[in-house]
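The sequence shown begins at 771 in my numbering and counts up by one. Cβ coordinates follow ideal geometry from the N, Cα and C atoms, glycine included. What you are looking at is a predicted structure, and each value in this text was computed from that prediction instead of being measured.
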Amino acid sequence: MSSRRDTDSDTQDANDSSSKSSERSLPDCTPHPNSISIDAGPRQAPKIAQIKRNLSYGDNSDPALEASSLPPPDPWLETSSSSPAEPAQPGACRRDGYWFLKLLQAETERLEGWCCQMDKETKENNLSEEVLGKVLSAVGSAQLLMSQKFQQFRGLCEQNLNPDANPRPTAQDLAGFWDLLQLSIEDISMKFDELYHLKANSWQLVETPEKRKVSMEQCGGEVQGQIPGRQ
771 MSSRRDTDSD
781 TQDANDSSSK
791 SSERSLPDCT
801 PHPNSISIDA
811 GPRQAPKIAQ
821 IKRNLSYGDN
831 SDPALEASSL
841 PPPDPWLETS
851 SSSPAEPAQP
861 GACRRDGYWF
871 LKLLQAETER
881 LEGWCCQMDK
891 ETKENNLSEE
901 VLGKVLSAVG
911 SAQLLMSQKF
921 QQFRGLCEQN
931 LNPDANPRPT
941 AQDLAGFWDL
951 LQLSIEDISM
961 KFDELYHLKA
971 NSWQLVETPE
981 KRKVSMEQCG
991 GEVQGQIPGR
1001 Q
């Protein structure tokens, strides 16, 4: 029995001496203030508290990460791009740049056809100066609209179709501009409508009651102005 106890004592002393020598051979592993160490056992709770303190200190270490210092989002980016797309309704037409370009092309062809028709009428008929002035006014207004406003709207539609455009017009922007164009198109349409009524009347101006009254007043003034001269 005594020999067995001596053997156990010697084994325990050997283990203690080896553990002490290993502790002396290990380098100083002092944790960095911002490092996170994981250990098991009863010392885990103090280390977790230290980790929380390190993280709380590191939150304000870089002011560039604060929300107030971040740049604002680009104004031309639509918030709807991040949201899931709404299901398209059957028969619904998407009003984007392609849709408005088709409308623009249809109106351009219609106005160009009217201008060509009126140009042909001026060459084939001996129109009075007053009628010719109405024709030139309608054709000039249509050509001016197509060369300026129509081209501007075409550029906006192309920017809407370009995902890299900056800024990029939205569909609402195109709809608002098109509403303004509709007012100009309506005015020009009324001018050409008057010309087609004149054509149906053999290019003879219809004398309205108001115009007849003005002509009679002008003739009366001329007659009254000639009476004192004769005396």
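C-alpha gap between residue i and residue j, whole angstroms
i: Glu900; j: Leu950; result: 30 Å
i: Leu871; j: Ala908; result: 24 Å
i: Trp948; j: Tyr966; result: 26 Å
i: Phe920; j: Cys885; result: 16 Å
i: Asn804; j: Glu928; result: Unreliable positioning characterises Asn804 in this predicted model, as indicated by a pLDDT of 49, which lies under 50. A coordinate reading is not provided.
i: Gln974; j: Leu906; result: 16 Å
i: Asp943; j: Ala935; result: 14 Å
i: Glu956; j: Phe923; result: 17 Å
i: Glu877; j: Glu977; result: 32 Å
i: Gly925; j: Arg865; result: 16 Å
i: Gly867; j: Glu879; result: 18 Å
i: Leu914; j: Asn930; result: 24 Å
i: Lys961; j: Met888; result: 12 Å
i: Ile958; j: Gly903; result: 14 Å
i: Glu894; j: Pro933; result: 50 Å
i: Leu953; j: Arg938; result: 25 Å
i: Thr940; j: Leu873; result: 17 Å
i: Ala945; j: Ser898; result: 41 Å
i: Gln918; j: Gly910; result: 12 Å
i: Glu964; j: Trp869; result: 31 Å
Nearest neighbour of residue i, chosen from the options [CA to CA]
i: Glu882; options: Lys890, Phe920, Ala912; result: Ala912
i: Thr892; options: Lys969, Val976, Glu977; result: Lys969
i: Gln875; options: Met916, Ser898, Leu902, Pro939; result: Met916
i: Ser972; options: Leu873, Asn896, Ala941; result: Asn896
Delimiting residues of the alpha helix (DSSP H) encompassing residue i
i: Asp943; result: 941 to 970
Distance cut-off 8 Å: residue i Cβ against heavy atoms of the ligand GDP
i: Gly903; result: With respect to the ligand GDP, the structure shown offers nothing to examine, as it has no ligands at all.
Below-9 Å beta-carbon distance, residue i vs any chain C residue
i: Val905; result: In summary, chain C is missing from the structure at hand, where a single protein chain is found.
Check your understanding: Taking the runs of the beta strand (DSSP E) that are 3 residues or longer, which of them lie wholly in the segment 874 to 937?
Key -> none
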